[in-house]
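Here's the structure we're looking at; comments come further down.
Numbering (my numbering), first residue to last: 339 to 517.
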């Protein structure tokens with residue numbers, strides 16, 4: 339749920355060009371840790387649901403885990419690295435998040451329209467089942483999609499080159515001590 343709210347705030351802020359520039363500049367140092375937090379949080383949440391709450395993951399849940407778990411590990415490694423290695427790892431996590439988002443969207447459609455999409459899961463553990471249904475629309479694939487979306491928003495923000503700093507021109511400097 340928190341990931342959905344944060345993602346919505348980021349997307350709304352990005353709609354305004356001036357706010358987006360200010361937000362991206364201010365958020366850039368935090369973007370990679372936030373992407374990592376989203377991925378690790380989603381991974382932890384999925385483990386909680388299966389290992390503690392006893393929810394049996396369906397086939398599409400396993401596929402989403404196949405994208406999220408490596409993304410979390412790769413992002414953790416990216417934080418520990420620097421330079422081109424950090425960039426390669428971050429963009430690898432971005433690609434994993436893009437694939438995972440596609441599966442999450444398909445899974446959500448499977449839940450919403452089981453007769454129209456159908457066929458991806460076993461009869462004894464259908465992908466259309468809703469272990470969680472907060473506010474009537476937030477399901478496990480919705481939460482996974484939000485986490486994938488956060489990675490997709492924050493990784494490019496983190497990998498963006500910082501704006502060039504203005505070069506000071508000694509001839510144009512104002513010396514207030516002479517006035």
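Glycine is no exception: its CB is placed at the ideal position from the N, C-alpha and C atoms.
The alpha helix (DSSP H) enclosing residue i, as first and last residue numbers
i: residue 405; result: 397 to 418
i: residue 442; result: 421 to 450
i: residue 477; result: Per DSSP, residue 477 belongs to no alpha helix (DSSP H) and is neither H nor E.
Residue from the options with nearest C-alpha to residue i
i: residue 435; options: 488, 480 and 390; result: 488
i: residue 391; options: 383, 398 and 397; result: 383
i: residue 479; options: 407, 428 and 403; result: 403
i: residue 408; options: 419, 397 and 428; result: 428
i: residue 406; options: 385, 394 and 389; result: 385
Length of the line joining the Cα atoms of residue i and residue j
i: residue 447; j: residue 387; result: 21 Å
i: residue 498; j: residue 444; result: 30 Å
i: residue 493; j: residue 432; result: 6 Å
i: residue 416; j: residue 440; result: 23 Å
i: residue 438; j: residue 423; result: 23 Å
i: residue 379; j: residue 425; result: 22 Å
i: residue 430; j: residue 490; result: 11 Å
i: residue 449; j: residue 367; result: 37 Å
i: residue 486; j: residue 375; result: 11 Å
i: residue 483; j: residue 421; result: 29 Å
i: residue 398; j: residue 442; result: 8 Å
i: residue 377; j: residue 393; result: 20 Å
i: residue 400; j: residue 453; result: 21 Å
i: residue 540; j: residue 371; result: Nothing about residue 540 can be reported from this structure: the residues present for the chain run from 339 to 517 only.
i: residue 389; j: residue 477; result: 18 Å
The ligand FAD heavy atom lying under 7 Å from the CB of residue i
i: residue 406; result: Absence of the ligand FAD is noted for the structure shown, with no ligands found whatsoever.
Residue i vs residue j beta-carbon contact at 8 Å
i: residue 481; j: residue 365; result: no
i: residue 413; j: residue 373; result: yes
i: residue 410; j: residue 381; result: yes
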